[in-house]
Each structure stands twice: as structure tokens, then as C-alpha cells.
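Number of protein chains: 2
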Amino acid sequence: MDNKIVTIKEIATKLNISPSTVSRALHDHKSIGLRTKARVQELAKELNYEPNQTAIFFQQRKTFTIGVILPELSEAFFSSAISGIEDCANKNKYTVLMGQSHDDTEREKQLVETMKNHRVDGLLVSIAKNTTTYEHFEAIKKYDIPVVFFDRIPSMENIHYVACNMASGTTQAFNFLRKLGHKTIGMINGPMNLLASKERVEGYRNALTKARLKYDPSLIISCDLTTDGIHKVTEKLLSLKNKPTAIIAFNDYVLLDAVEAVKKLKLKINKDVSFVSYANLPISNYSAHPPLASVEQFSYQQGYKAMEIMLDLLSKTNSENDNTTFYKIILEPQLIIHTPATL
Amino acid sequence: MDNKIVTIKEIATKLNISPSTVSRALHDHKSIGLRTKARVQELAKELNYEPNQTAIFFQQRKTFTIGVILPELSEAFFSSAISGIEDCANKNKYTVLMGQSHDDTEREKQLVETMKNHRVDGLLVSIAKNTTTYEHFEAIKKYDIPVVFFDRIPSMENIHYVACNMASGTTQAFNFLRKLGHKTIGMINGPMNLLASKERVEGYRNALTKARLKYDPSLIISCDLTTDGIHKVTEKLLSLKNKPTAIIAFNDYVLLDAVEAVKKLKLKINKDVSFVSYANLPISNYSAHPPLASVEQFSYQQGYKAMEIMLDLLSKTNSENDNTTFYKIILEPQLIIHTPATL
DNA sequence: CTGTTAGCGCTTTCAG
DNA sequence: CTGAAAGCGCTAACAG
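So the protein lines, in turn, are chains A and B. For the first sequence, the working numbering gives the first residue as 8, with consecutive numbering after it. For the second sequence, the working numbering gives the first residue as 8, with consecutive numbering after it.
Here's what the structure looks like:
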């Protein structure tokens, strides 16, 4: 068995020509004679030549690899998003280097470091939920590694990102509930360092303003998105004097925990309290207590789009250092109303 | 801003010593004087030196990168498995290069190629459901890139793999249903090129044999695992003369489609026909029609274990080329019986 | 304890 | 149209 790895040099000596000629022939360089080009390509195939990418990466200072950092792969939103990223990357000859922060800022920092050392061409990140300092992302700019954020966007200036307009999604959700007759609507929100949490509040308040209603801040409670946190918050909401008859849950996972809390209180879903949530994950379709509606956030598309932006950034990174314009792609979410049949 | 990237050579000239000394000092080589070591490390930190991994990868013929090829990231089983892989890899200073085959053999082949060119140190793969030729995996062995398969194992000799003992899982499922009084038990199986499908049949037959029952082959039907295929197969099973009162579904996703088919036939779940399935995915916990029980396959653990085997293989790949012993790790699955409360 | 040297495999000027 | 040579950044004999 020809276990040995074939190099350009070998092809060269076997053909009595120089390595540079071989390299050029392999790349279909115009200045190479058809005759030699053919001979080289033939022998290359015969010997089963494979270019050593690590050598090329090193030499070209480009790895055709994109680093992706996200909180948790087992959350459907993220696995779907990275699926989109990978599809787009693959289509464009890029590969994906993946790491999960597990919502731990320290690990996130370390991953940025690893990715940098691996010389990824770019970084796609969805930040850990309690990341509040951003030096690690600032730092990487100096290395000409573009960063595009998706979904979980940090509160930083001058960044590229793609996200869903959660304000508008929340307004949609709110109005939907209003139309069903709900007067008092609560919200289980996420940590306030997330843009998405701020936007939810914004959308909620916009809806109130438009409807000329008064804002009761106690109806919106932030939590850390842990099961315990969600249970507590749900109980709190449902024990208010101004008790909500409907609740907007941060996402479909949060909803699952909120539903449990409601059951513990011996209240009836869709009777004592109704829910609307975000993400529109497949679990909702099969759930025993699906939300009345869920704000679709197009996770796959977000990932795909983020990668497209990255490709664009990479294509012109050398010519113009456009440190002035930033992509801020905001997808319009869509409230998916679940049919009565499934309720 | 010091945008320039610092190299060992620079540190060397600034300190009037040789690059090799710097390299050694940075690696805490014992033969370097404490004095110089300190000076080097200090300056390195000051200049913010970062080793160029691509150079190291190239030079060392090792990338500390593991390629992972799996069918579909948005399937919970796989995202959970890769989560385990990544955790184990990360803990051991390895990174994960990821690609989805989307159950397409062509793309799988191409991914193997890409991974090979990227010079991954090893490959972890769960094959596409209709992959039946394995040259691409045979080929990669010549490059000293170990391959460990997980969950979806090809019918090849001499491979490393970790999987769940689906035979035993199926026997457990079968016996569970028998105890509930079911006499005629059907099975929606996957494509027969998958080891897991063969094992299901084996487990089914073992259970029959032990119970001294006769085997009716029409009660086991293979399908392509598409929604349409599942619908057809379900209808077929339920229109047999020897009609099953319980069905073992290939996994929790298949179950969802099978349930739909049952509804279309106006039959009642858990009355006309009961289900048991595999995977025990979270969806089951929230599903409107969860299976009576589900065979837990420990996806995260499978991924983690596969990566551990890989690490072991990598640690001794140079010393002994142990082409004779192969890891065949078979995890014992566990039938998780869903509490009546959720039914 | 430290320096010299060579080389990993490839691309790419610069000369013919 | 082709060759010679340099060099990407780092490590590792080998030689002091």
C-alpha cells in the first residue's frame, strides 16, 4: 500500500521539472504549456496527489475556516442556526470550527482565544447570556478577524449583527393577546444585558402606548432563564394584585417551565392563563400545552444570513478597511398562530 | 495601535538571542537559563505574542482538530451527541470541525475529502442513512487518520465504533409491551443497511424466541424514515390481518409521524394502538401523545465516549500501529417508562 | 545553557 | 513558457 503522502516536489522530480511549474500547472495557470499541464495533472491524479492544506493555510494566511461560538448546541434554536451557517459555509468552500460556551463567559473568552490561534478567517458568535464585558471581542478586531453576531447580540457599538426584531415580535404578540380580550398581559423576560430582552420591553411598551394604556412595570419580570428562576417568576406574576390573564414567555423552552409552574399552582392553561412565546420550535407542534402563538425567529435563516455577511466582509477585507459601515440586519419575525385543532 | 503580528523572530532580535532559544523559553524547556526564560516570557507578554498555530500545525503535522460528520444537526440526537463530543474535545485541547451530510452520501464523501485536506487528526462520523458504499472511509485510513463511528455504524469490518445495543433495547421494549398484555407487536424499522436496524430485528426475534412465540415477518416493516414513508408503513401495519395492538417506532421523530397516521385512520392512541419508541428525546416529555416508554440511547454520552476513544487512538497512533484491535463500545440502553401522569 | 541550520509544503516574485 | 530561490513561523536535531 502506498501509504506515503505525495508532494508537489515529488511530482516535479518524477517529471524532471520544477516545483513551481507543477504548482502552476495544478492551478491551471495560463502561462503553462498545454503539454506539461496535461502531464502534470495526469501524474498528480495517478499518484493521488492531495494538496496539504495546512501548508497552504500557513502560507496564504487564510484558513477558509469560520469559528462559531454559541451557548448551547442542544438548544434547538442554536442547532438550527448553526445548521444554516454550515450550509452556507459549505456552499462557499468554508468550514466551520465550533465551540459551545455553555453560557459561561470564561469559556467564551477561552474559545475566542482558541479560534484566534487557529487563525479562523472570521467569527460568528451568539453570546453567553451573562456576558457583560466585551474585551475579548474588542481584542480580536486587531487581528483583522471580522466578527458577526447573531441572535444574542452584545451591547456594543460598531458591530455587525443579524437578529430578529424582537420589539416588533413582542408588539405582534401583545396585540394578538389584546384581540383575544386579554387586558392584563405579563411577560417573562430574559437578562437585561441581552439586546433581545431590551427589545421585548420596548415592543411591549410600544404596544401599550399605541393602545393608550398605562404601563405597569411589575408585569414584566426578568429572570436568568433557569428552571428555578422561571418557576419563581411565573409564581410571582400570578400572585400580583394586577394579575395577568396572559403571559408572554421568553421562548418555547421557558414556556415549558412556566407551564409547570402554572400546574403547580393548580391553575388551568388557556383558562386561567394563556401563553404566547417566541421561537416557534418544533416542540410546540407536539406539546401538550402549546402556546396560543409563537414568534418565529427564523433561526436557520439567521445563521445563514450571518454567514453571508461574513463572506461579504471577507471578500473585501483587504481592499477597503471599511471600519465605518456595519451590517445591522434585522429580520422581521412572524407571529405563528397555532390552529385551534392542536390546542 | 500595534496591529502588527509579533513573531518569535522579533522577540529574538529584540533580545539579541536566537529564535530557538525564544521558542524553548516559551515552552519552558528545562535547558534554558532562568534569567533568559524570564526575560523572554516577559517580553512576549509585553508585545502580546501569540503563537501562529497554522505554522505549528504545518510543522508538527498535527492540527488538534477533530472532524465530525453527522447527518443533521437539527435532530436532537445529533446535536446532543456533538455537544458531548465538543465538551470532551475542548477539555483535551482539541477543536471540532463540523459538517452535516444531510443524509446525502455524495455530500458525506465530499466532507470526508474536506476534512482530510484540512488534516484533521481524526474523524468522528455517524453515517448518512442511505450510505452503502464505504470507499471514502476505507480511503482515509491510508492517511493515518483514525475514524470512530458513532450511532449510525456502517456494515464494515475492522472499525472502531460506539453505539447502543439496539438489540437489547428492542428486547426490553418488546417485553415491556408483552407485560402490558400486548400479543401482537409491530415495528416500524429503519433502512436495513444500518446496523441499528438489523439489531432491532435481532432483539425483536430474541424476545420472541425466549417467549416461545412465532415470528410473523410482516409485523416488521422497514422504511426510509421520511414522513411519507412512515405514514405508509403505519397504515400498512394497521391494516394487517394480524393487526398489532402496539408498535415499536424507530425513534421519537418517527413516532410523531406515526401518531399522525394513526389519527388519520381515526384510531385512538393507547386504546387501539400503543407506542414505544427510541431516543427518549425531550420532546416526549412535552408531547401530546408520548410513547408509553422510550429507549434512552444516551446521545451525549455516545458522543463523549466516541471522542474519548479517539483521544486514546491518537495518543498511541505513533508508537504501535495497532491495526488489529478495534474498539467496539456498546452502551446498554435503558427503557425509560413514562409515568402515567404524563399520559 | 545557547546558537546554527535545516526544513515542513506550498506559492510567488524575479529572472531567464 | 519555465526555473531558481526565497520565505511564511515555527521546531528540532546537531553542534558547540
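Backbone N, C-alpha and C define an ideal beta-carbon position, used for all residues, glycine too. If you're wondering where the values come from, they're calculated on a predicted model, not measured in any experiment.
- Flagged as an interface residue toward chain B: residue 114/A, by a C-beta distance shorter than 9 angstroms.
- Proximity of chain A to residue 277/B at the Cβ level (cut-off 9 angstroms) is not reached, the minimal Cβ distance being about 14 angstroms.
- Residue 143/A has its alpha-carbon roughly 31 angstroms from the corresponding atom of residue 83/B.
- A distance of 9 angstroms or more separates the beta carbons of residue 174/A and residue 158/A.
- If you keep only unbroken beta strand (DSSP E) runs of at least 3 residues inside the segment 209-274 of chain A, you get 227-229, 253-256.
- Using a Cβ distance threshold of 9 angstroms, residue 28/B and residue 13/B do not count as a contacting pair.
- Residues 135 of the same chain have their beta carbon placed closer than 8 angstroms to that of residue 111/A, with the five preceding and five following residues left out of the count.
- For residue 238/A, no Cβ of chain B is located within less than 9 angstroms of the residue's own Cβ.
- With contacts defined by Cβ atoms closer than 9 angstroms, residue 79/A and residue 108/A form a contacting pair.
- DSSP places residue 301/A outside any alpha helix (DSSP H); the residue lies instead in the beta strand (DSSP E), whose first and last residues are 300-303.
- In the DSSP assignment, residue 63/B falls outside any beta strand (DSSP E) and within the unbroken alpha helix (DSSP H) covering 60-67.
- Contact of residue 105/A with chain B by beta-carbon distance below 9 angstroms involves 75, 89, 93, 102, 103, 104, 105.
- DSSP places residue 147/B outside any beta strand (DSSP E); the residue lies instead in the alpha helix (DSSP H), whose first and last residues are 142-148.
- Comparing C-alpha distances from residue 104/A to each of 65/B, 138/B, 211/B, 93/B shows the shortest one belongs to 93/B.
- Separation of residue 106/B and residue 85/B (C-alpha to C-alpha, rounded to the nearest whole angstrom) is 12 angstroms.
- Within chain A, no residue has its beta carbon less than 7 angstroms from that of residue 323/B; the closest one is some 18 angstroms off.
- In chain order, 124 make up the part of chain A whose C-beta sits under 8 angstroms from the C-beta of residue 58/B.
- A Cβ-Cβ distance of about 6 angstroms is found for the pair residue 298/A and residue 262/A, placing them in contact under the 8 angstroms criterion.
- The C-alpha of residue 217/B lies about 38 angstroms from the C-alpha of residue 90/B.
- For residue 320/B, the enclosing alpha helix (DSSP H) starts and ends at 306-322.
- By the CB criterion at 9 angstroms, residue 334/B and residue 150/B fall outside the cutoff.
- With respect to chain A, the C-beta atom of residue 62/B has a partner C-beta closer than 9 angstroms.
- No Cβ of chain B is located within less than 9 angstroms of the beta carbon of residue 315/A.
- Here residue 54/A really is in contact with residue 18/A; their C-beta atoms are around 7 angstroms apart, less than 8 angstroms.
- By the Cβ criterion, the segment 248-258 of chain B is in contact with the segment 224-239 of chain B, since at least three pairs of Cβ atoms, one from each stretch, lie closer than 8 angstroms.
- Between the alpha carbons of residue 197/B and residue 228/B lies a distance of about 8 angstroms.
- For a Cβ distance threshold of 9 angstroms, residue set 80, 86, 87, 89, 90, 93 of chain A lies close to residue 80/B, ordered along the chain.
- Look at the segment 20-64 of chain A and you find no whole run of beta strand (DSSP E) that is 3 residues long or longer.
- About 7 angstroms separates the CB atoms of residue 200/B and residue 162/B; that is less than 8 angstroms, so the two are in contact.
- Distance between residue 237/A and residue 272/A, taken at the CA atoms: about 14 angstroms.
- For residue 156/B, the pairing in a beta bridge is given by DSSP as 132/B, 168/B.
- Assignment of residue 98/A by DSSP, reduced to helix, strand and coil, places it in the helix class.
- Between residue 150/B and chain A, the shortest Cβ-Cβ separation is below 9 angstroms.
- Linking residue 183/B to residue 215/B through their CA atoms gives a straight-line distance of about 13 angstroms.
- Comparing alpha-carbon positions, the option among 281/A, 340/A, 35/A lying closest to residue 193/A turns out to be 281/A.
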